[in-house]
Amino acid sequence: MENEQVPYRLPVLSRDLLDSIIFAMEDQANFYFLDLKDEVLVREDELEYLDETDEEERDRRFIPIPDWEPSDGFHLMEMFANRVRNPLYRSRLLAALQSGRGVFRKFKDTLSETPILERKWFSFRDEQLKRVVVSWYREQENITQLLALSDEETELTEDILLEDFTFETLEGPVTEEIMEMVQSLVTELESGSEEDRIASVVLMRHLELDELDHFYLARAQDGSLAAFLSYTMLADYLVEVPLFGVKTEYRGLGLFRLLFDSFSRQMARFHYQKVVVTLASGFLGMEKLFAPYGAKEVTKQLIVDTKSWNSTHPSSEEAFL
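Listed below in structure tokens is the structure:
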């Protein structure tokens, strides 16, 4: 029993923990680890004072947070400057970044001259750092629902996403880029639990047999596909969404919420009053997204193990004996 390993899991990525990780990433004087046992951040120099002496145990309990170098910060400032629509502000920010020594201070001084632009920078920086942390979290453990943001924080996220993504309707057969995302989703499910693997079969069945030819897409600024949903008109008032997906690096940011919001409003303009959304396996947690809006359960799929049924349920043949 003494050698039995204690199972550790990532804690829920609350807003407080997210902010702590971002703060620690930007601390260039120290390096931090996430303590999976106590769910706090620990500096590298503090590890030697802990009671644990088992190196293997320590490696499992403490995981390094994402690395964030000055070059990463510079790249982020460059990204923001290039996205500023006003040519005067854009050129001034880029000039500050190209001025040589002290570029960080010059960039911040330039921003401080325009409070609105400065607030947008802080929102952009926080959002990009959040993406890094969320992506890192997903690499550590396959977690579907990561953040429980307040309404105010969700509005901030969606405001930023509106600047980063465009939405469009596509009619016609499945395109290569949609198929690539579906295959990626299926591959992800196939490497998960038994329920995930069964869900992958169900999703592929939709794609192969239902002849999906209506899609609603979200595209990143570079034009690449970031998220999609397929839909089918079932009646003059009813639409079904049997399949959807979000690219890995954009998950946990509220993109599907924004995609569905845009889609729902468009459907309403065409007088469709109801939408049926199919949730499979790992996406069952998304019920929470729709619950506040009066979503109702109209169908449910269950997985029944034949061996369990046959061994515990009386044989129907015995009814004739």
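To get this note's numbering, take the position in the sequence shown, counting from 1, and add 82. We put the CB at the ideal spot given by N, CA and C, even for glycine.
What three-state label does DSSP hand residue i in the structure shown?
i: residue 155; result: helix
i: residue 352; result: coil
i: residue 92; result: coil
i: residue 360; result: coil
i: residue 285; result: helix
i: residue 248; result: strand
i: residue 314; result: strand
i: residue 113; result: coil
i: residue 132; result: coil
i: residue 309; result: strand
i: residue 145; result: strand
i: residue 253; result: strand
i: residue 106; result: helix
i: residue 304; result: coil
i: residue 385; result: coil
i: residue 422; result: Coverage of the chain is limited to positions 83 through 403, which leaves residue 422 absent and any answer about it impossible.
i: residue 394; result: helix
i: residue 164; result: helix
i: residue 99; result: helix
i: residue 275; result: coil
i: residue 377; result: coil
i: residue 181; result: coil
i: residue 267; result: helix
Do you know offhand how far residue i's Cα is from residue j's?
i: residue 271; j: residue 265; result: 10 Å
i: residue 173; j: residue 136; result: 55 Å
i: residue 404; j: residue 391; result: Summary: the structure shown does not reach residue 404, with the chain confined to residues 83 through 403, and so no result is reported for it.
i: residue 377; j: residue 346; result: 13 Å
i: residue 144; j: residue 155; result: 25 Å
i: residue 318; j: residue 339; result: 24 Å
i: residue 358; j: residue 247; result: 25 Å
i: residue 107; j: residue 393; result: 55 Å
i: residue 238; j: residue 389; result: A caution first: residue 238 carries a pLDDT of 43, below 50, which makes its placement in the model unreliable, though a value can still be read off. Rounded to the nearest angstrom, the two C-alpha atoms are 50 Å apart.
i: residue 203; j: residue 192; result: 11 Å
i: residue 253; j: residue 222; result: 37 Å
i: residue 355; j: residue 343; result: 14 Å
i: residue 102; j: residue 148; result: 12 Å
i: residue 262; j: residue 207; result: 30 Å
i: residue 219; j: residue 123; result: 14 Å
Is it buried or exposed, residue i, if we count other Cβ atoms within 10 angstroms and call 16 or more buried?
i: residue 386; result: exposed
i: residue 115; result: buried
i: residue 251; result: exposed
i: residue 312; result: buried
i: residue 307; result: buried
i: residue 94; result: exposed
i: residue 282; result: buried
i: residue 333; result: buried
i: residue 336; result: buried
Less than 8 Å between the C-beta atoms of residue i and residue j, yes or no?
i: residue 178; j: residue 162; result: no
i: residue 309; j: residue 341; result: yes
i: residue 158; j: residue 166; result: no
i: residue 211; j: residue 104; result: yes
i: residue 152; j: residue 110; result: yes
i: residue 300; j: residue 249; result: yes
i: residue 321; j: residue 349; result: yes
i: residue 331; j: residue 217; result: yes
i: residue 121; j: residue 112; result: no
i: residue 118; j: residue 91; result: yes
i: residue 100; j: residue 215; result: yes
Which two residues bound the contiguous alpha helix (DSSP H) that contains residue i?
i: residue 207; result: 197 to 222
i: residue 323; result: Looking at the DSSP string, residue 323 is not in any alpha helix (DSSP H); the run it does join, the beta strand (DSSP E), is 320 to 328.
i: residue 333; result: Premise fails: residue 333 is in no alpha helix (DSSP H) and is neither H nor E.
i: residue 124; result: Here residue 124 belongs to no alpha helix (DSSP H); instead the beta strand (DSSP E) covers 122 to 125.
i: residue 188; result: 185 to 194
Could you please give the first and the last residue of the uninterrupted beta strand (DSSP E) stretch that includes residue i?
i: residue 301; result: 296 to 301
Return yes when the C-beta of residue i is under 7 Å from any heavy atom of the ligand ZN, and no when it is not.
i: residue 99; result: Inclusion of the ligand ZN in the displayed structure is not the case, the ligand content being empty and no account of it being possible.
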